[in-house]
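Q:
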Amino acid sequence: MVRPDQKREAAQVMIKKGLPITKACRLVKLPRSSFYLEPTPIDTTSVQIVQSIAERYQKLGYRMLHALHRNEEGGTMNHKKFFRIYHEQGLALRRRKRKKVIRERLPLDLPDKPCITWSMDFVFDRTEDDKPLKILTLVDDYSKECLWLEVARGISGENLCEILDFVMLINGKPESIRTDNGSEFTSKAFCLWLMQQGIRHHFIQPGKPMQNAYIESFNGRFRDECLNGNYFLDLEDARNKIESWRDFYNEIRPHSSLGMISPRKYIAKL
């Protein structure tokens, strides 16, 4: 895709170095035909469409926004035009620079159908009165569907068993559950419950969260798109807003590993 400033760069090279158009364009990696091509003005309706969807989903990049435009709104704008408007309007997200860490990469088995392996973890936040929120995140490894988000002040091993009993009434029983070595997951109540249910328990190695990559990936999206983007007045307000985001994630939000459709739509296609 041609950048808006490439024509200017080619013109500056021609003036300063006295090069012909062909060599100047080759130097800045600009097709010569594009040097003569005048950009087509973008209609205001298309600009308003992109601005509107970017304002509603401020934490999503242009690929996700374009998929929402096509899937949910029935839009016909192609990705090149969408990206051009997205770039020209200054809507791009600021990406945080991350330190590159060299670690051992281990393959993570992917089930061949839903309700085979679930991944579980805890995420923490606070309400306006500075009281803690403990959130259980539960995801199906195959469909990427968020099966449950339990929001509470505290969750014990016994509470965990009750939550999973309820989730299994809705979704069925998995063959295995993957967790870290947290105290709730190693509690006597939870271990006994797993034995009674006949569910295998896969522990990851201490200090290696990437062995639980599916839930870690979900937790990152959950924090970036929901927890960091909302202000929770109290426990009930947090439950309502988090459950609303879970519905959006399962029903609407495109997922790159599912062909840019939502988890529920992916399940419906199976």
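With the sequence shown counted from 1, adding 165 to any position gets you the numbering used here.
Glycine residues also receive a C-beta, built at the ideal position from the N, C-alpha and C atoms.
Predicted model, so just to flag it, every value in this text is computed and none were measured.
Between S321 and the rest of its own chain, which residues show a CB-CB distance below 8 Å, the 5 nearest in sequence each way excluded?
A: Cβ within range, chain order: E349, S352 and A354.
Q: F387 by DSSP, collapsed to three states: which one?
A: Here F387 sits in helix by DSSP.
Q: Hey, how far is the Cα of D277 from the Cα of Y307?
A: Looking at the two C-alpha atoms, the distance is approximately 7 Å.
Q: Taking the alpha carbon of P196 as the point to measure from, which residue in V178, Q171 and I207 has its own alpha carbon closest?
A: Among V178, Q171 and I207, the Cα nearest to that of P196 belongs to Q171.
Q: Does DSSP classify R318 as helix, strand or coil?
A: In the structure shown, R318 sits in coil (DSSP, three-state: anything other than H, G, I, E or B).
Q: Following the continuous alpha helix (DSSP H) through T117, name the residue where it begins and the one where it ends.
A: Outside the modelled stretch of the chain, which goes from 166 to 435, sits residue 117, for which no answer is possible.
Q: What do you reckon, are the CB atoms on I328 and E315 nearer than 7 Å?
A: For I328 and E315, yes; Cβs fall inside 7 Å.
Q: Please determine, among F247, P428, Y379 and R291, the residue with the shortest C-alpha to C-alpha distance to C391.
A: Cα-wise, what sits closest to C391 is R291.
Q: Count Cβ pairs between the region 409–429 and the region 231–245 that sit closer than 8 Å; are there 3 or more?
A: Output reads yes: the region 231–245 touches the region 409–429.
Q: Can you pull the DSSP bridge partners for H366?
A: Bridge partners of H366: I342.
Q: Compare the Cα-Cα distances from N393 to each of E401, K406 and E381 and report the closest residue.
A: The shortest C-alpha separation from N393 is found at K406.
Q: Could you please give me the residues that DSSP links to V193 through a beta bridge?
A: Paired residue(s): none; V193 is not in a bridge.
Q: How long is the line joining the alpha carbons of N415 and L303, rounded to whole angstroms?
A: Going from the Cα of N415 to the Cα of L303 covers about 12 Å.
Q: According to the Cβ coordinates, are W313 and V332 closer than 7 Å?
A: Taking 7 Å as the Cβ cut-off, W313 and V332 qualify as a contacting pair.
Q: In angstroms, rounded to a whole number, what distance separates the CA positions of L334 and L225?
A: Distance between the alpha carbons of L334 and L225 is about 33 Å.
Q: When we look at the beta-carbon of T282 and count the other beta-carbons within 10 Å, is it buried (16 or more) or exposed?
A: The residue in question, T282, is buried, as its Cβ has 16 or more Cβ neighbours within 10 Å.
Q: Give the secondary structure of S348 by DSSP, where H, G and I count as helix, E and B as strand, and everything else as coil.
A: Here S348 sits in coil by DSSP.
Q: Sort out for me which residues DSSP pairs S284 with in a bridge.
A: Answer is V304 and R343, bridged to S284.
Q: Based on the DSSP output, what are the partners of L298 in its beta bridges?
A: Note: L298 sits in a beta bridge opposite D290.
Q: Would you report the Cα separation of N395 and K182, rounded to the nearest angstrom?
A: Going by the C-alpha atoms only, they are around 53 Å apart.
Q: For F289, does the count of other Cβ atoms within 10 angstroms reach 16, so buried, or fall short, so exposed?
A: Looking at its Cβ environment, which holds fewer than 16 other Cβ atoms inside 10 Å, F289 is exposed.
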